[in-house]
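For reference, the structure is listed below as structure tokens.
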Amino acid sequence: IPQKKHSSWENVNDLVETCGNLDAFMKGAVLKFKLNWSPEASARIVDRPKPYPLQENKENLPALTNGNSDNIDKLQIVYQFVYNNNSRQQTEACEDLHCPWCSLNCNQLYTLLKHLKLCHSRFTFTYVPISVGARIDVAINEMYDGSYTGSPHDLISQPSVCAFSRNGPVRRASVTHILVCHPKRPKPSLSEFLELDDCEYDGQRPFITGHNRLYHHTTTCLPIYPKEMDVDSEGENDPEWLQNKTMMMIDEFT
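In terms of my numbering, the sequence shown opens at residue 1 and continues consecutively.
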């Protein structure tokens, strides 16, 4: 009966005694080779293996004009807060393209301006080109009504409502995202941010709509959740037999 081999840990000192000094590999040249197992016997003449080509992703490489990335001047962005057409405060010049409100990295100036216009409708943003980069004038949007565009039940729910409830699916108030289809999309240009939009139908309106009104029960003054919309609780506190009796009396009277 063959004896069972037990695995054991080896110390570094034992490896040094059997394999020699490992510091020699750190000082001298190291030869790297690739070993392949094959059932066929190798011939006397072995072909030299082809080196692996370097695969570079040209799409992710930055566009270099003079062949050196250090020569590219970074864009300086300054935010100027305007109130009643008067400059109140101006921030220091920054080189990153992160949104100052939600810290979203937009990577491009056009993308940053588009994000500020569509996602932060509480303010208006005007692009002003300057010598070192760009200046963005920030003003309060007078057409912003300040209403909450999302579901009101997300504000009063304790704990917060999750998409996947532990007790099964839960009915929620629907929130609709408006999708606008344009026949021809214009090319991205910074000129569209030089002036504010004068159109009434596009005057910084909210881009998310839905039934955002919150109703309450008359007796308990508790909010009515979307799953309770189908249950008529106003004046229906009587038992079923009394409701049937009332309906019969109404039918006899009419």
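For each residue, glycine too, the CB sits at the ideal point set by N, CA and C.
Determine the DSSP secondary structure at GLN108, reduced to helix, strand or coil.
-> The count along the sequence shown starts at 1 and reaches residue 108 at position 108. In the structure shown, GLN108 adopts coil according to DSSP, grouped into three states.
Closest by CA to THR124, which one among CYS99, ASN141, ILE130 and THR254?
-> Reading the sequence shown from its first residue, position 124 is the one you call residue 124. Of the listed residues, the one whose Cα sits closest to THR124 is ASN141.
DSSP on ASP251, reduced to helix/strand/coil?
-> Locating residue 251 in the sequence shown gives position 251, where the first residue counts as 1. Note: ASP251 maps to helix in three-state DSSP.
Expressed to the nearest angstrom, what Euclidean distance is found between the alpha-carbon atoms of ASP251 and LEU242?
-> As a first step, residue 251 is located in the sequence shown; it is residue number 251 there, counting from the start. As a first step, residue 242 is located in the sequence shown; it is residue number 242 there, counting from the start. The straight-line gap from Cα to Cα measures roughly 14 Å.
What are the residues that DSSP puts in a beta bridge with GLN80?
-> Against the sequence shown, residue 80 aligns to sequence position 80. DSSP, once it has assigned bridges, lists GLN90 and ASP137 as partnering GLN80.
Nearest-angstrom Cα distance between GLY146 and ARG122?
-> Indexing the sequence shown from 1 puts residue 146 at position 146. Indexing the sequence shown from 1 puts residue 122 at position 122. Approximately 8 Å, taken between the alpha carbons.
Looking at the structure shown, is HIS115 part of a helix, part of a strand, or coil, going by DSSP?
-> The residue given as residue 115 occupies position 115 in the sequence shown. In the displayed model, HIS115 falls within a helix according to three-state DSSP.
Leaving out five residues on either side along the sequence, give the residues of the same chain with a beta carbon under 8 Å from the beta carbon of LEU113.
-> Residue mapping note: residue 113 aligns to position 113 of the sequence shown, counting from 1. Only PHE125, TYR127, ILE136, LEU190 and PHE193 meet the Cβ criterion.
For the beta strand (DSSP E) containing VAL128, list its first residue and its last residue.
-> Indexing the sequence shown from 1 puts residue 128 at position 128. Segment 123–129, the beta strand (DSSP E) holding VAL128.
In three-state terms, what does DSSP make of PRO186?
-> Within the sequence shown, the letter at position 186 stands for residue 186. Look at PRO186 here: in three-state DSSP terms it is coil, with no helix or strand label.
Burial state of ASN68, where buried means 16 or more other Cβ atoms lie within 10 Å = The count along the sequence shown starts at 1 and reaches residue 68 at position 68. Here ASN68 scores only 46 on pLDDT, less than 50, and its place in the model should not be relied on; the value that follows carries that caveat. Its Cβ having fewer than 16 others within 10 Å, ASN68 is exposed.
Selected residue, minimal CA-CA separation from GLU195, among LYS245, LEU179, THR219 and VAL138 = What you label residue 195 is simply residue 195 of the sequence shown in a count that begins at 1. Of the listed residues, the one whose Cα sits closest to GLU195 is VAL138.
Are the beta-carbon atoms belonging to GLU95 and LYS74 less than 7 Å from one another?
-> On the sequence shown, position 95 is the one that residue 95 refers to. On the sequence shown, position 74 is the one that residue 74 refers to. Cβ distance < 7 Å, so GLU95 and LYS74 count as in contact.
DSSP state of PRO223, grouped into three classes?
-> The sequence position of residue 223 within the sequence shown is 223, counting from 1. Judged by DSSP in its simplified three-state form, PRO223 adopts strand.
Roughly how many whole angstroms lie between the Cα atoms of CYS106 and PRO183?
-> Here residue 106 refers to the residue found at position 106 of the sequence shown. Here residue 183 refers to the residue found at position 183 of the sequence shown. Roughly 26 Å between the two C-alpha positions.
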